[in-house]
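Taken in order, the sequence shown gives residues 1 to 467; the numbers are from full-length UniProt numbering. Yeah, the Cβ is synthetic: ideal placement off N, Cα and C, and Gly gets one too. In this text, all values refer to a predicted model and were calculated from it rather than measured experimentally. Below: one structure, written as structure tokens.
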Amino acid sequence: FFLTYCLYQCYYKVAERLAVGSTETLANGNKADLQAAKRLAKRLYNLDGFKKSDVVRHLSKNNDFSHMVAEEYLSYFNFSGMMVDQALRVFLREFALMGETQERERVLSHFSKRYLQSNPNTILNEDSVHTLTCALMLLNTDLHGHNVGKRMSCMQFISNLEGLNDGQNFPKDLLKALYNSIKNEKLQWTIDEEELRKSFSELDGRKDSTSHTMKRISSGGNPLISVAQQSSAQVYVNGFLVRKVHADSDGKRTPRGKRGWKTFYAILKGLILYLQKDEYRPDKQLSDEDLKNAVSIHHSLAMRAADYSKRPNVFYLRTADWRVFLFQAPNAEQMQSWITRINTVAAMFSAPPFPAAIGSQKKFSRPLLPGSNTKLSQEEQLKSHETRFRAISAELQELRSTPQDRKSKSRDQEEYKQREEYMDFEVKTFFTILFLSSLHLYIFLNVSRRKHATEHIQRHSNRQAVK
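Written out as structure tokens, the structure is:
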């Protein structure tokens with residue numbers, strides 16, 4: 001439940017998308033009055049005639065007056081010398097963070113600005129503080145919530161935030177300190193659960209009208225799974241990897257003679273991981289061997305192979321048809337880069353799964369996972385992931401609440417084991433997907449904000465030049 005709340009905080013920059021760069025009062029707002037804003041902010045901070053649950057609605061409206069009230073309200077907080085998590089703890093204890101998604105998000109945005117004002121010498125910028133704020137709330141949910149599945153490790157936390165510090169990595173020492181802080185002491189804030197429930201149905205994005213020209217090619221691992229080759233797909237990462245096939249489709253262990261390590265030049269292009277003998281050239285035609293080795297990463301999950309000690313810098317890749325590969329990167333940094341990019345691309349562009357087949361037999365069958373690109377907008381995609389995560393988590397919890405009878409038939413025991421293994425993997429997969437999707441969508445919206453602001457300034461300059 002709280003995961004939804006935390007995720008939506010992370011990416012919904014509605015106010016900035018609506019009116020970035022505008023110097024006019026919005027149609028639904030009030031005329032700016034600094035003295036009135038100061039008086040209201042003081043009363044809100046002192047709870048003079050207001051309850052904690054009243055604060056957010058006065059700080060979160062998308063108009064000039066509300067922005068001034070928020071700025072004055074935040075001026076009562078002194079975050080000097082505090083780490084982000086410490087400042088966030090102080091801030092969240094003073095009021096009930098509730099209301100609609102975009103309203104809560106605006107309040108956290110004001111927090112980020114105030115933190116920078118209190119700590120002008122910090123190495124972070126406003127966007128970085130906001131990203132860390134969202135990440136900490138997600139981490140708090142994972143470590144202290146009632147989610148089913150394995151808790152996020154410090155290395156996973158660091159890996160998930162790769163490249164989100166204005167295009168750079170956050171200092172590892174900082175992330176380790178933040179991780180340990182949240183692990184040792186959960187974030188506490190005043191919150192009205194009923195208000196949050198009302199906000200579940202807010203998200204109403206637009207269909208992505210972008211169409212893709214695709215050429216269907218067969219995946220070498222399973223003839224029933226097709227790989228979508230996109231002629232104009234973006235290249236996300238490339239470099240040398242050493243591959244070992246660990247398990248074939250449906251998780252069957254690969255025969256010993258076919259498990260050897262082979263070196264390839266890997267290119268993650270769209271939803272396809274191409275494995276070629278030679279370095280990548282955009283103008284080079286793919287050979288039949290290249291297409292045979294290609295791996296679709298739709299609905300896949302990459303993770304560090306912590307239990308594999310024979311080689312360093314190795315990560316697992318489990319695909320939609322449950323094949324498992326081991327990949328060795330040249331160093332730890334590149335390994336984490338591959339993991340993050342594979343998981344992010346899979347999260348952003350994998351089409352939602354079809355329901356499991358319905359038949360007269362009780363035999364467990366996994367849902368069908370389409371290999372095509374999603375047609376959902378990024379907001380709709382995130383909501384789809386969240387819905388799937390909640391459903392599969394509930395199913396796994398229900399399954400584990402009625403453990404298999406040891407006296408039951410071996411076939412039934414195997415059926416139970418397969419079902420539990422699949423659901424456990426799906427929970428881990430969708431939590432990783434949700435984490436990365438929300439953070440990267442925030443970055444995407446922030447880039448749009450900057451672009452719109454630049455265009456607004458340019459138009460204003462052009463009008464002045466004409467005058």
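Item to check | Own chain, CB closer than 6 Å to Lys51, minus 5 neighbours either side, in chain order | outcome: In the sequence shown, counting from the first residue as 1, residue 51 sits at position 51. Closer than 6 Å at Cβ, skipping near neighbours: no residue.
Next on the checklist: Does Ile297 come out as helix, strand or coil in the three-state DSSP assignment?
Outcome noted: What you label residue 297 is simply residue 297 of the sequence shown in a count that begins at 1. Note: Ile297 maps to coil in three-state DSSP.
Checklist entry - Does the separation of the CB atoms of Leu187 and Leu97 fall below 8 Å? => result Residue mapping note: residue 187 aligns to position 187 of the sequence shown, counting from 1. Residue mapping note: residue 97 aligns to position 97 of the sequence shown, counting from 1. No, these two residues do not count as a Cβ contact at 8 Å.
Checklist entry - Alpha carbon to alpha carbon, how far is Phe431 from Thr133? => result What you label residue 431 is simply residue 431 of the sequence shown in a count that begins at 1. What you label residue 133 is simply residue 133 of the sequence shown in a count that begins at 1. When rounded, the distance between both Cα atoms is 18 Å.
Item to check | Distance between Val56 and Tyr416 (C-alpha atoms, nearest Å) | outcome: As a first step, residue 416 must be located in the sequence shown, where it is residue number 416. As a first step, residue 56 must be located in the sequence shown, where it is residue number 56. Roughly 47 Å between the two C-alpha positions.
Item to check | Cβ-Cβ separation, Arg243 to Leu291 (assumed contact under 8 Å), whole Å | outcome: The count along the sequence shown starts at 1 and reaches residue 291 at position 291. The count along the sequence shown starts at 1 and reaches residue 243 at position 243. At roughly 16 Å, the Cβ-Cβ gap does not stay under 8 Å, so Leu291 and Arg243 are not in contact.
Checklist entry - Would you say Ala332 reaches chain C, if we count a Cβ-Cβ gap shorter than 8 Å as a contact? => result Looking at the structure shown, chain C is missing, and only one protein chain is on hand.
Checklist entry - Taking the continuous beta strand (DSSP E) assigned at Ile272, which residues delimit it? => result Here the question's residue 272 lines up with position 272 in the sequence shown. First-last of the beta strand (DSSP E) with Ile272: 272-276.
Item to check | Spatial distance of Gly163 from Gln378 (CA atoms) | outcome: Taking the sequence shown and counting its residues from 1, one reaches residue 163 at position 163. Taking the sequence shown and counting its residues from 1, one reaches residue 378 at position 378. Computed Cα separation, rounded: 19 Å.
Checklist entry - Opposite Gly239 in the DSSP bridges: which residues? => result Counting from one through the sequence shown, the residue named residue 239 turns up at place 239. DSSP output for Gly239 lists Ala266 as bridge partner(s).
Checklist entry - Assuming Arg304 and Ile342 make a contact with CB atoms under 8 Å, what is their CB distance in whole Å? => result The residue you call residue 304 lines up with position 304 of the sequence shown. The residue you call residue 342 lines up with position 342 of the sequence shown. 12 Å between Cβ atoms; not a contact.
Item to check | Segment contact, 8 Å Cβ cut-off, at least three pairs: the stretch 264-274 with the stretch 115-132 | outcome: no
Item to check | Supposed contact pair Phe111 and Phe91 - C-beta distance, whole angstroms, cut 8 Å | outcome: Sequence index remark: in the sequence shown, residue 91 carries index 91 (1-based). Sequence index remark: in the sequence shown, residue 111 carries index 111 (1-based). Going by Cβ atoms, the distance from Phe91 to Phe111 rounds to 5 Å, so yes, they are a contact pair.
Item to check | Contained alpha helix (DSSP H) runs [length at least 4] in the stretch 381-434, N- to C-terminal order | outcome: none
Next on the checklist: Assuming Arg43 is part of the alpha helix (DSSP H), what are its boundary residues?
Outcome noted: Stepping through the sequence shown from its first residue, residue 43 is reached at position 43. 34-46 is the span of the alpha helix (DSSP H), which, as asked, contains Arg43.
Checklist entry - Nearest to Ala41 by alpha carbon, out of Ile392, Lys61, Tyr76, Asn63? => result On the sequence shown, residue 41 is found 41 positions in, with the first residue counted as 1. Cα-wise, what sits closest to Ala41 is Tyr76.
Checklist entry - So what does DSSP say about Gln328, is it helix, strand or coil? => result Stepping through the sequence shown from its first residue, residue 328 is reached at position 328. Note: Gln328 maps to strand in three-state DSSP.
Item to check | Backbone CA spacing between Lys172 and Val107 [nearest angstrom] | outcome: On the sequence shown, position 172 is the one that residue 172 refers to. On the sequence shown, position 107 is the one that residue 107 refers to. The alpha-carbon atoms of Lys172 and Val107 are separated by roughly 27 Å.
Checklist entry - Does the beta-carbon distance from Arg259 to Val245 come in below 8 Å? => result Reading the sequence shown from its first residue, position 259 is the one you call residue 259. Reading the sequence shown from its first residue, position 245 is the one you call residue 245. One thing to note: Arg259 has its Cβ within 8 Å of the Cβ of Val245.
Item to check | For Gln404, the nearest candidate out of Thr254, Asn331, Arg419, Tyr179 (CA to CA) | outcome: For the purposes of this step, residue 404 is taken as residue 404 along the sequence shown, with counting starting at 1. Per the Cα distances, Arg419.
Next on the checklist: Less than 8 Å between the C-beta atoms of Met83 and Ala177, yes or no?
Outcome noted: Working through the sequence shown from its first residue, we reach residue 83 at position 83. Working through the sequence shown from its first residue, we reach residue 177 at position 177. Yes, Cβ-Cβ distance for Met83 and Ala177 is below 8 Å.
Checklist entry - How long is the line joining the alpha carbons of Val295 and Leu376, rounded to whole angstroms? => result If you number the sequence shown from 1, residue 295 lands on position 295. If you number the sequence shown from 1, residue 376 lands on position 376. The straight-line gap from Cα to Cα measures roughly 23 Å.
Item to check | Contact under 8 Å by Cβ, Phe240 with Pro330 | outcome: Mapped onto the sequence shown, residue 240 falls at position 240. Mapped onto the sequence shown, residue 330 falls at position 330. For Phe240 and Pro330, yes; Cβs fall inside 8 Å.
Checklist entry - What does DSSP give as the partner residues of Arg304 in its beta bridges? => result For the purposes of this step, residue 304 is taken as residue 304 along the sequence shown, with counting starting at 1. Note: Arg304 sits in a beta bridge opposite Phe315.
Item to check | Backbone CA spacing between Gly167 and Leu399 [nearest angstrom] | outcome: As a working note, residue 167 is residue 167 in the sequence shown. As a working note, residue 399 is residue 399 in the sequence shown. Spanning the two alpha carbons is a distance of roughly 42 Å.
Next on the checklist: Do Leu301 and Thr429 have their beta-carbon atoms positioned less than 8 Å apart in this structure?
Outcome noted: What you label residue 429 is simply residue 429 of the sequence shown in a count that begins at 1. What you label residue 301 is simply residue 301 of the sequence shown in a count that begins at 1. Yes, the pair counts as a contact, with Cβ atoms nearer than the cut-off.
Checklist entry - Does DSSP put Asp248 in a helix, in a strand, or in coil? => result Position 248 of the sequence shown holds residue 248. Of the three classes helix, strand and coil, the one that applies to Asp248 here is coil, per DSSP.
Next on the checklist: So if DSSP puts Arg114 in a beta bridge, which residue, or which two residues, is it bridged to?
Outcome noted: Start at 1 with the first residue of the sequence shown, and residue 114 comes out as number 114. Bridge partners of Arg114: none, in fact.
Checklist entry - For Thr319, does the count of other Cβ atoms within 10 angstroms reach 16, so buried, or fall short, so exposed? => result Within the sequence shown, residue 319 is the residue found at index 319, counting from 1. Here Thr319 is buried. Its C-beta has 16 or more other C-beta atoms within 10 Å.
Checklist entry - Taking Leu382 as the reference, which of Glu185, Pro352, Glu421 has the closest Cα? => result Residue mapping note: residue 382 aligns to position 382 of the sequence shown, counting from 1. It is Pro352 whose Cα lies nearest to the Cα of Leu382.
Checklist entry - Do you know offhand how far Trp261's Cα is from Ala306's? => result Numbered from 1 along the sequence shown, position 261 holds the residue referred to as residue 261. Numbered from 1 along the sequence shown, position 306 holds the residue referred to as residue 306. If I take the Cα positions, the gap works out to 18 Å.
Checklist entry - Which same chain residues, not among the five before or five after Leu175, have their C-beta less than 6 Å away from its C-beta? => result For this step, residue 175 is matched to residue 175 along the sequence shown. Cβ within range, chain order: Ile158.
Next on the checklist: Assuming the contact rule is C-beta atoms closer than 8 Å, Ser60 and Glu103 should be a hit. Round their C-beta distance to whole Å, please.
Outcome noted: To locate residue 60, count along the sequence shown from 1; it is residue 60. To locate residue 103, count along the sequence shown from 1; it is residue 103. Contact flag correct, Cβ pair sits at about 4 Å.
Item to check | Where the alpha helix (DSSP H) through Glu126 begins and ends | outcome: Residue numbering aside, residue 126 sits at position 126 when the sequence shown is read from its first letter. Run containing Glu126: 126-144, per the alpha helix (DSSP H) assignment.
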